[in-house]
Amino acid sequence: MKKILIIEDEEDLLEVMQTAVESLHPEYKVTPCLNYLTALNALTNQTFDLVISDQNLPDGTGGKIFQILQESNKKTPFVLCSTATPNEIPELKDQEIYGYLPKPMILKPLKELFQKFNKEHNFSEDNLPDYAQVKTKLLIKTQPIPCDLFIRLSEKKYVKILNKGDIFDSQDLEKYEIKKMPHLYVLRGDLDTYLDCTIKTILLALKDTTNATDVEKELKNIQLSFHALQETFNKIGITPAAKELAKTVADKSIQVVSQNKNLSLLLSKMLKSEEEYSARHSILLSAVTTAFASAMPWFSETIAIKLSVSSFLHDITLTNNDLAAIDSTNELQKNSSKFSEKEMDSFLSHTVDSASLARSIENLPPDIDNILLQHHEKPDGSGFPNQLLAQRVSPLSAIFIMAHHYVRMFIANNELTIEHFLTLEKETYAKGSFLSIHKELSSVYIEQNT
Ligand SMILES: [Fe+2]
Ligand SMILES: [Fe+2]
8 MKKILIIEDE EDLLEVMQTA VESLHPEYKV TPCLNYLTAL NALTNQTFDL VISDQNLPDG
68 TGGKIFQILQ ESNKKTPFVL CSTATPNEIP ELKDQEIYGY LPKPMILKPL KELFQKFNKE
128 HNFSEDNLPD YAQVKTKLLI KTQPIPCDLF IRLSEKKYVK ILNKGDIFDS QDLEKYEIKK
188 MPHLYVLRGD LDTYLDCTIK TILLALKDTT NATDVEKELK NIQLSFHALQ ETFNKIGITP
248 AAKELAKTVA DKSIQVVSQN KNLSLLLSKM LKSEEEYSAR HSILLSAVTT AFASAMPWFS
308 ETIAIKLSVS SFLHDITLTN NDLAAIDSTN ELQKNSSKFS EKEMDSFLSH TVDSASLARS
368 IENLPPDIDN ILLQHHEKPD GSGFPNQLLA QRVSPLSAIF IMAHHYVRMF IANNELTIEH
428 FLTLEKETYA KGSFLSIHKE LSSVYIEQNT
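Residue numbers (the numbering used here): 8 to 457.
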């Protein structure tokens with residue numbers, strides 16, 4: 008048994024770090040500490056094989072913990088986990104420490120650190136169990152769940168309870184808490200995906216970021232972009248009323264997004280790169296979804312805002328801007344030489360990731376997560392992640408999928424009007440919610456013009 012002390016004042020992060028470390032080897036036992044004083048207490052009463060600490064704790068620092076370890080005769084190896092580098096911390100400057108985990112991307116260095124640790128302790132990484140434990144109560148953070156989920160019936164028997172992309176809600180949580188199941192299980196091969204998604208969501212949802220941008224700047228950006236798009240709007244045939252509406256709705260949805268500082272940071276980064284595909288694509292998409300929605304008999308501004316917010320968020324977790332131009336897993340394979348393995352993974356999980364992100368953000372209107380999750384589904388069931396058939400795609404998602412399809416085609420061919428698109432794709436959208444949306448759109452964009 009190897010005893011590991013982890014000190015981190017952000018409770019969710021502490022728990023997911025504990026999950027991550029304990030899942031790496033059955034012989035690891037983590038003692039979690041939320042502050043300096045309890046850590047000090049643990050260090051006085053027990054011996055640890057490794058200490059991992061955050062720098063800024065409410066009642067002390069990681070640097071101080073390192074000093075205490077140095078002064079004791081045990082000399083326990085110390086790992087810093089912080090946004091600050093060891094050289095920025097007086098007690099650690101020019102000192103040799105066992106490792107450094109730079110926040111927020113801590114998962115990969117954490118795994119590498121334990122590979123080194125295992126080697127030094129002659130721990131084999133073979134014969135690890137096929138399933139890894141995850142904390143039940145943390146599952147609610149990453150919605151929809153990024154991988155299949157299991158319960159354990161006996162040492163060898165596991166039963167699947169939810170599929171990747173399903174929702175684990177507060178009722179599920181209550182059910183497993185009543186059954187006294189603090190842990191559920193994921194396949195070992197899925198563990199990284201789960202941990203990656205959880206850590207990202209937790210760190211993004213944290214409220215106190217240092218370099219928060221203000222709403223004003225983003226609004227200006229959007230207004231400028233809309234100005235530049237006037238000609239485009241005329242070209243594609245958006246009605247004058249829908250054009251005005253699109254502007255108001257985009258302003259309001261940026262305000263919604265900007266209530267979360269991390270999100271607004273991500274968004275402003277994306278919008279700043281105006282030349283890039285994803286910025287142009289998102290802004291145009293926001294206008295087209297609004298225009299499409301306004302043609303529906305069930306239209307309301309709230310609905311348009313949901314679609315517009317989704318336009319800004321749908322590809323926000325992609326790690327490479329060019330990935331936003333990819334539409335299907337086939338297309339990804341064809342272009343695989345352009346992207347790293349990590350970038351390809353980020354594409355395959357971006358529907359689930361952005362939906363998780365949306366769910367983790369307080370006060371975001373409902374339904375956005377579902378639109379994000381379904382935005383690469385196709386009416387014939389060939390989409391991803393869930394290969395949904397037309398009948399199972401929600402009306403809001405259907406509008407988004409059609410608008411997204413149109414915007415992609417328009418960016419490739421600047422002559423393509425909405426009218427043209429509707430005629431061209433009539434067969435594609437002949438089922439489920441797509442059919443009635445296609446009809447309503449045709450009555451505004453085709454019949455009126457003829
Ligand atoms: Fe996407
Ligand atoms: Fe997209």
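Idealized CB from N, CA, C, for every residue including glycine.
Residue from the options whose Cα sits closest to the Cα of residue i
i           : options            : result
residue 284 : 207, 416, 344      : 416
residue 422 : 391, 241, 103, 129 : 241
residue 355 : 204, 295, 403      : 204
residue 323 : 11, 207, 143       : 207
residue 335 : 325, 392, 309, 346 : 392
residue 430 : 440, 418, 413      : 413
residue 171 : 18, 108, 357, 341  : 357
residue 139 : 159, 341, 383      : 159
residue 163 : 231, 95, 137       : 137
residue 40  : 306, 19, 92        : 19
residue 135 : 77, 29, 370, 104   : 29
residue 34  : 124, 400, 78       : 124
residue 193 : 175, 173, 167      : 167
residue 433 : 448, 342, 420      : 448
residue 75  : 173, 51, 244, 277  : 51
residue 305 : 440, 419, 371, 343 : 440
residue 319 : 62, 80, 286        : 286
residue 119 : 169, 161, 199, 77  : 199
Buried versus exposed, by CB contacts within 10 Å (16 or more), residue i
i           : result
residue 133 : exposed
residue 254 : buried
residue 297 : buried
residue 459 : This structure does not reach residue 459, given that the chain is present from 8 up to 457, and the question cannot be answered.
residue 266 : exposed
residue 24  : buried
residue 151 : buried
residue 153 : buried
residue 101 : exposed
residue 195 : exposed
residue 293 : buried
residue 348 : exposed
residue 109 : exposed
residue 126 : exposed
heavy atom of ligand 1 below 8 angstroms from residue i C-beta
i           : result
residue 128 : no
residue 322 : yes
residue 325 : yes
residue 412 : no
residue 190 : no
residue 383 : yes
Spatial neighbours of residue i in its chain, beta-carbon cut-off 6 angstroms, leaving aside the 5 residues before and after
i           : result
residue 263 : 316
residue 375 : 313, 316, 317, 365
residue 249 : 298, 301
residue 202 : 27, 114
residue 59  : 13, 86, 88
residue 289 : 318, 319
Sequence-distant residues of the same chain with beta carbon closer than 8 angstroms to residue i, five excluded per side
i           : result
residue 446 : none
residue 43  : 14, 64, 65, 66, 67, 68, 71, 72
residue 143 : 180, 183, 184, 188, 189, 190, 191
residue 451 : 246, 302
residue 444 : 299, 303, 402, 405, 406, 409, 436
residue 93  : 87, 99, 100, 102, 104, 107
residue 377 : 362, 401, 403, 404
Proximity test, residue i beta-carbon vs ligand 3 heavy atom, cut-off 8 angstroms
i           : result
residue 357 : Here the bound small molecules are ligand 1 and ligand 2; ligand 3 is not part of this structure.
Residue i CB to nearest heavy atom of ligand 2 below 8 angstroms
i           : result
residue 329 : no
residue 292 : yes
residue 460 : There is simply no residue 460 to check, as the chain begins at 8 and stops at 457 in what is shown.
residue 234 : no
residue 32  : no
residue 445 : no
residue 427 : no
Beta-carbon proximity list for residue i, same chain, < 7 angstroms, skipping 5 on both sides
i           : result
residue 55  : 10, 11, 12, 83
residue 435 : 386
residue 327 : 346, 350
residue 243 : 417, 424, 425
residue 380 : 151, 172, 358, 359, 362
Unbroken alpha helix (DSSP H) runs of length 4 or more, entirely within the stretch 50-103: which are they? Taken in chain order, the unbroken stretches of alpha helix (DSSP H) that lie wholly in the stretch 50-103 and span 4 residues or more are 69-78.
Can you check the stretch 390-430 for any alpha helix (DSSP H) of at least 4 residues that lies completely inside it and give the ranges in chain order? Complete alpha helix (DSSP H) runs here, min 4: 402-419.
Threshold first: 4 residues or longer. Then list the alpha helix (DSSP H) segments lying entirely within the stretch 104-149, N to C. Correct list: 114-127.
Kindly provide the ranges of any beta strand (DSSP E) runs that are 3 or more residues long and lie completely inside the stretch 152-185, ordered along the chain. For the stretch 152-185, the continuous beta strand (DSSP E) assignments of 3+ residues that do not extend past its boundaries occur at 156-159, 165-169, in sequence order.
Whole runs of the alpha helix (DSSP H) within the stretch 257-330, excluding any shorter than 4 residues: For the stretch 257-330, whole alpha helix (DSSP H) runs of length 4 or above, ordered along the chain, are 268-279, 284-301, 308-320.
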